[in-house]
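In this note's numbering, the protein residues as written are 294 to 628.
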């Protein structure tokens, strides 16, 4: 990917998208950040981006569900990082129609505009949730897909739509499949920010859902490097690529590790409101990242137990900054 190349990032106002925006600006790319239009004229996390990045990217406010707006946003861009999506699993039980519109129709709008505008590369964001509970570990890209929530079903649909455009029209698409990304700016509906924000707020009894499921956590800097690595390797076109640490840990042990890192003693309280339906709960995720190493020369810097601890330390430091913590409602459960 040549420097000064014009790139569009959808979902640039979100957790991973804002970090990716900062990284690409710092590497000298001409970045257009697609943020969700709202009457408050807020740009999500880009309102709080690093000082060296502020003013050095263009903002386009719109909605990926609008094909006209998507095409306008993509005009003049050689590459698109498509991160815009609805991702909260509990909310997908509540409002599945919005997930189909945003995640599938939004992706269709990106793909169709790319066809008309001759975009050179689309990096489409998938999720480890498309695999469902692991049928074998570590999970390779050949693992069966299983929709265990409306969210994961919508992402399977979006992934397959993207691959269908590659196979039908030679649309230059790469599927990047991050496992559980964590770090500064993540929504408190996710497990790690939920625990950190509650402890940081002085709570000693932490409300959580199921503790037995395992996850493969990835620090956001590693995930961002995965996106950029895919964009710089043409071999990634037409491929599905796991971005994972190849390290499995249970939710219960993750909570213990966070309390250890923060030097606090806590008690875990089971909260029925945070439990997923039994058949919907993904009980095991563990990534095989060998394809990423071979194809796009990517591997995690925050790997294994020590890497995870280092990532948690950086995450807790960010949350313990009162300017950041004040933006979270740690006493409320947000689906």
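Beta carbons: idealized from backbone N, C-alpha and C, even for Gly.
For this session: May I ask which residues mark the beginning and end of the alpha helix (DSSP H) holding residue 319?
Result: It spans 308-319 - the alpha helix (DSSP H) in which residue 319 sits, taken as one unbroken run.
Problem set entry | Distance, residue 440 Cα to residue 446 Cα | Rounded to whole angstroms, the gap between the alpha carbons of residue 446 and residue 440 is 4 Å.
Problem set entry | Inter-stretch contact (C-beta, 8 Å, three-pair minimum) for the stretch 371-384 and the stretch 442-459 | Short answer: they touch.
For this session: Below 6 Å CB to CB, which residues in the same chain sit around residue 369 once its five sequence neighbours on both sides are set aside?
Result: For residue 369, the CB contacts under 6 Å within the same chain, skipping 5 residues up- and downstream, are 299 in chain order.
For this session: Please determine if the stretch 389-407 and the stretch 358-367 are in contact, where contact requires at least 3 C-beta pairs separated by less than 8 Å.
Result: Counting C-beta pairs with one atom in each stretch, the stretch 389-407 and the stretch 358-367 have three or more that are closer than 8 Å, which means they touch.
Problem set entry | Whether residue 496 touches residue 312 by CB criterion (8 Å) | No, they are not a contact pair.
Exercise. CB-CB under 6 Å to residue 438, same chain, minus the five flanking residues each way: which ones, in chain order?
Worked result: So the qualifying residues of the chain are 423 and 449.
Problem set entry | Nearest candidate by alpha-carbon position, reference residue 378, set 390, 510, 476 and 519 | Ranking the options by Cα distance to residue 378, first place goes to 390.
Problem set entry | residue 511 versus residue 354 - alpha carbon distance | Those two C-alpha atoms are separated by around 29 Å.
Problem set entry | Identity of the residue in 519, 549 and 576 nearest residue 583 by Cα | The residue with the shortest Cα to Cα distance from residue 583 is 519.
Exercise. How about the stretch 596-605 and the stretch 463-470: do they share at least three Cβ pairs that are nearer than 8 Å?
Worked result: No, the stretch 596-605 is not in contact with the stretch 463-470.
Exercise. For the alpha helix (DSSP H) that contains residue 462, what are its first and last residues?
Worked result: First-last of the alpha helix (DSSP H) with residue 462: 443-462.
Problem set entry | Sequence ranges, beta strand (DSSP E) only - wholly within the stretch 504-571, length at least 3 | Fully enclosed beta strand (DSSP E) runs of 3 or longer: 510-512, 533-536 and 560-563.
Problem set entry | Simplified DSSP assignment, three categories, for residue 436 | In the structure shown, residue 436 sits in coil (DSSP, three-state: anything other than H, G, I, E or B).
For this session: Note down the Cα distance separating residue 554 from residue 388, rounded to an integer number of angstroms.
Result: Distance between the alpha carbons of residue 554 and residue 388: 36 Å.
For this session: Please check if any C-beta of chain D sits within less than 8 Å of the C-beta of residue 394.
Result: Looking for chain D here will not work: only one protein chain is present.
Exercise. Quick check: the stretch 539-550 against the stretch 498-509, are there 3 or more CB pairs under 8 Å?
Worked result: Taking 8 Å as the limit for Cβ pairs, the verdict is that the stretch 498-509 does touch the stretch 539-550.
Exercise. Helix, strand or coil: which one does DSSP assign to residue 595?
Worked result: Assigned with DSSP and collapsed to three states, residue 595 falls in coil, not helix or strand.
Exercise. Does the pairing of the stretch 524-534 with the stretch 328-343 give three or more beta-carbon distances under 8 Å?
Worked result: Result no; under three Cβ-Cβ pairs closer than 8 Å.
Problem set entry | residue 424 (DSSP reduced to helix, strand or coil) | Three-state DSSP puts residue 424 in a helix.
For this session: Quick one: residues in its chain with C-beta nearer than 8 Å to the C-beta of residue 297, no 5 flanking neighbours on either side, listed in chain order?
Result: If we look at residue 297 and ignore the five residues flanking it on each side, its Cβ neighbours are 321, 322 and 323.
Problem set entry | Contact set for residue 504: own chain, Cβ-Cβ below 8 Å, skip 5 residues either direction | Excluding positions up to five away in sequence, the list reads 543, 544, 545, 548 and 561.
For this session: Would you mind working out which of 538, 501, 432 and 575 sits nearest residue 604, comparing C-alpha positions?
Result: Checked all of 538, 501, 432 and 575; the closest Cα to residue 604 is 538.
For this session: With DSSP collapsed to three states, give me the class of residue 344.
Result: DSSP places residue 344 outside both helix and strand once states are collapsed to three, so it counts as coil.
Exercise. Which word fits residue 319, buried or exposed, when buried means at least 16 other C-beta atoms lie within 10 angstroms of its C-beta?
Worked result: Per the 10 Å Cβ criterion, exposed.
Problem set entry | Boundaries of the alpha helix (DSSP H) in which residue 493 is found, first to last residue | Residues 484-493.
Exercise. Does DSSP put residue 616 in a helix, a strand or coil?
Worked result: Helix, per DSSP.
Exercise. By a C-beta neighbour count over all protein chains shown, 10 Å radius and 16 as the cutoff for buried, is residue 570 buried or exposed?
Worked result: Counting Cβ neighbours within 10 Å, residue 570 comes out exposed, since fewer than 16 surround it.
Problem set entry | For residue 388, the three-state DSSP class (helix, strand or coil) | Coil.
Exercise. Skipping 5 residues on each side, what residues in its chain have a beta carbon closer than 7 Å to that of residue 393?
Worked result: Sequence-distant Cβ neighbours of residue 393 in its own chain, meaning closer than 7 Å and more than five residues away, are 447.
Problem set entry | CB of residue 375 within 8 Å of CB of residue 400, strictly | Yes.
For this session: Count the other C-beta atoms from every protein chain shown that fall within 10 angstroms of the C-beta of residue 345, then say buried if there are 16 or more, exposed otherwise.
Result: The Cβ neighbour count for residue 345, taken over all protein chains shown within 10 Å, is under 16; the residue is labelled exposed.
Exercise. Grouping DSSP H, G and I as helix and E and B as strand, with all else coil, what is residue 470?
Worked result: Taken through DSSP and simplified to helix, strand or coil, residue 470 comes out as strand.
Exercise. If you drop the 5 nearest sequence neighbours on each side, which residues of the same chain put their C-beta closer than 8 Å to that of residue 607?
Worked result: For residue 607, where only same-chain residues beyond five positions count, the Cβ hits under 8 Å are 476, 477 and 512.
Problem set entry | For residue 400, the first and last residue of its enclosing alpha helix (DSSP H) | That run of the alpha helix (DSSP H) goes 399-410.
Exercise. What's the gap between the Cα of residue 452 and the Cα of residue 371?
Worked result: The alpha-carbon separation between residue 452 and residue 371 amounts to approximately 21 Å.
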